[in-house]
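*Asks:*
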Amino acid sequence: MGSPYKHVRLDWFRKHLEGLDAQEMKAQGWRAKPIQVWEDRAGFECRFRPLSVTLSAHHVSGRRWLRLNIAHPSSIPTYLDVARLKDLFIGVSLVGVQPFTPLTRLANGQRNFIDVWACLDGLDRGALLDFDAALDGPTTEEGPSAGASLDG
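Going from the sequence shown to the numbering used here is simple: count from 1 and add 15.
(1) Taking 8 Å as the cut-off, decide whether the C-beta atoms of residue 103 and residue 60 are in contact.
(2) Per DSSP, what kind of secondary structure is residue 109 in: helix, strand or coil?
(3) Within 10 angstroms of the Cβ of residue 100, are there 16 or more other Cβ atoms? Answer buried if so, exposed if not.
(4) Hey, out of 111, 80, 82 and 78, whose CA is closest to residue 94's CA?
(5) Mind checking which residues open and close the beta strand (DSSP E) that includes residue 57?
(6) Kindly confirm or deny that the segment 78-91 and the segment 41-54 touch, where touching means at least three C-beta pairs closer than 8 Å.
(7) Just to confirm, is the Cβ distance from residue 85 to residue 50 under 8 Å?
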């Protein structure tokens, strides 16, 4: 069975790749051009650290998504690595979502990577929790007031 993405036009993905900030990539130790480019993904490597990135295009439920896969040969990438690379490869203005894939679904037992997904077309209201608002206080009147104790 062929790829479900083969009929999806990926001009938007090429434009995204062309829009990456080459100077910032070099400043953070990344090669400005991908080491490999396929129709729906591109691979990048860091010059100073054993990190690699694959940025891929996905079309799901009529929306364009970017998937950032960050891999390290011997350990899970750090939170700071993930946050910086999400901003560098996906962009500061898009929300990145990190799914927790069941261990049984990991390819080849690879566990030293983190995926971050971002929707380029926006999401319907309520499709994802507004995490910043949730941390700032309750979003409904039923919840405790800001700063209230859970003890009552």
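Where is the CB? At the ideal position from N, CA and C, for every residue including glycine.
*Replies:* According to the data block:
(1) Here the question's residue 103 lines up with position 88 in the sequence shown. Here the question's residue 60 lines up with position 45 in the sequence shown. It is not a contact, given that the beta carbons lie outside the stated cut-off.
(2) Residue numbering aside, residue 109 sits at position 94 when the sequence shown is read from its first letter. In this structure, residue 109 counts as coil in the three-state DSSP scheme.
(3) Taking the first residue of the sequence shown as 1, we reach residue 100 at position 85. Answer is buried; the Cβ neighbour count reaches 16.
(4) Taking the sequence shown and counting its residues from 1, the one referred to as residue 94 is at position 79. Nearest option by C-alpha distance: 111.
(5) By one-based count along the sequence shown, residue 57 stands at place 42. Here the beta strand (DSSP E) through residue 57 covers 56-60.
(6) no
(7) Translated into positions along the sequence shown, residue 85 becomes position 70. Translated into positions along the sequence shown, residue 50 becomes position 35. In this structure, residue 50 does not lie closer than 8 Å to residue 85 by Cβ.
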